[in-house]
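Numbering (my numbering), first residue to last: 16 to 235. We treat Cβ as the ideally placed atom computed from N, Cα and C, and that holds for glycine. The block underneath contains the structure these notes are about, expressed in structure tokens.
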Amino acid sequence: MQVLLVEDNHLLASGISQALRAAGFIVNHVSRGNDALTAIKTSQPDIVILDLGLPDMDGMAVLRSARQDRFLNPVLILTARDTTFDKVSGLDSGADDYLAKPFEIDELLARLRALERRLGGSKSNDLVIGPVCLDTKTLEVTVNNEPLGMSRREYMLLKALMESPNKVQTRDMLDSKLYGWGEEVSSNAVEVHIHNLRKKLPDGFIRTVRGVGYVVKSTT
Ligand code: CA
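Structure follows, in structure tokens:
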């Protein structure tokens with residue numbers, strides 16, 4: 016899950032980024048509205064966390080412009096302006112949720128998981144396919160109820176595949192869900208993680224579509 020964080024307060028942004036990374040999200044951060052619009056166009060984030068008070072433009076204008084450009088993924092607004100008017104106009108302008116500062120990081124995480132579930136059309140924190148269960152709250156993966164140890168990247172890769180079952184994902188698509196901008200990525204990183212995951216998962220769980228990418232089928 017790739018999150019775009021649009022927040023000009025660097026201290027707050029780095030706190031949120033750290034907490035989100037620890038919770039298994041990839042976070043890319045921008046401080047300005049114009050940079051946010053460029054990032055939304057070029058990297059199609061899964062979720063956007065959008066501060067309203069930005070130095071170059073109002074967050075609401077960013078939101079309206081992104082929606083006009085047919086960006087459909089969830090947007091969660093962050094703001095100090097905790098008034099009824101702002102909540103209503105924010106939701107009317109295409110925001111999916113709203114969080115007033117100051118907030119507890121746990122509440123932000125819970126709301127992101129709720130948006131994530133909405134994206135995946137699921138009502139629970141668990142992604143379950145066949146014998147494999149991935150809990151997005153505890154970051155635990157089990158096969159037939161037996162816990163599997165895995166690295167953070169392996170977890171994120173498996174999650175990316177399981178939240179879009181039956182959809183073939185290319186190496187580039189998976190890269191963007193595993194690594195933030197500017198992170199050093201070796202050219203075969205995804206293959207290496209897939210190789211390691213396959214040793215832990217049931218045979219045939221992750222399928223290779225030759226020349227295209229990888230897929231997990233909802234009925235394995
Ligand atoms: Ca601000």
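Where residue 71 is concerned, there is no enclosing beta strand (DSSP E), because DSSP gives it neither an H nor an E. In the DSSP assignment, residue 131 falls within the alpha helix (DSSP H) that extends over 120-135. In this structure the region 148-160 does not touch the region 201-211; the number of beta carbon pairs closer than 8 Å is below three. With contacts defined by Cβ atoms closer than 9 Å, residue 180 and residue 108 do not form a contacting pair. Cβ-Cβ separation between residue 130 and residue 91: approximately 6 Å, consistent with a contact (criterion under 8 Å).
For ligand 1, a non-hydrogen atom lies closer than 8 Å to the CB of residue 24.
Burial check for residue 126: the Cβ neighbour count within 10 Å reaches 16 or more, so the residue is buried.
Taking the Cα positions, residue 81 is about 12 Å away from residue 50. The C-beta of residue 191 has 16 or more other C-beta atoms within 10 Å across all chains shown, which makes the residue buried. Three or more beta-carbon pairs separated by less than 8 Å link the region 18-26 to the region 53-64, which places the two stretches in contact.
The closest heavy atom of ligand 1 lies less than 8 Å from the beta carbon of residue 68. Between residue 154 and the set 37, 29 and 222, the nearest pair of CA atoms involves 37. When beta bridges are read from the DSSP output, residue 113 appears opposite 92. Using a Cβ distance threshold of 9 Å, residue 229 and residue 176 count as a contacting pair. Here residue 178 has 16, 131, 134, 135 and 142 as same chain residues with Cβ atoms under 8 Å from its own Cβ, once five neighbours each way along the sequence are excluded. Looking at the backbone, the Cα of residue 212 and that of residue 56 are separated by about 31 Å. Under the criterion of beta carbons closer than 8 Å, residue 105 and residue 72 do not qualify as touching, at roughly 15 Å. DSSP, read as helix, strand or coil, puts residue 159 in coil. Within the model, the alpha-carbon separation for residue 140 versus residue 209 is close to 23 Å. Going by beta carbons, residue 94 and residue 128 fall outside the 9 Å limit.
Check the Cα spacing between residue 145 and each of 83, 216, 87 and 122: the tightest is with 216. Counting the other Cβ atoms within 10 Å of the Cβ of residue 74 gives 16 or more, which makes it buried.
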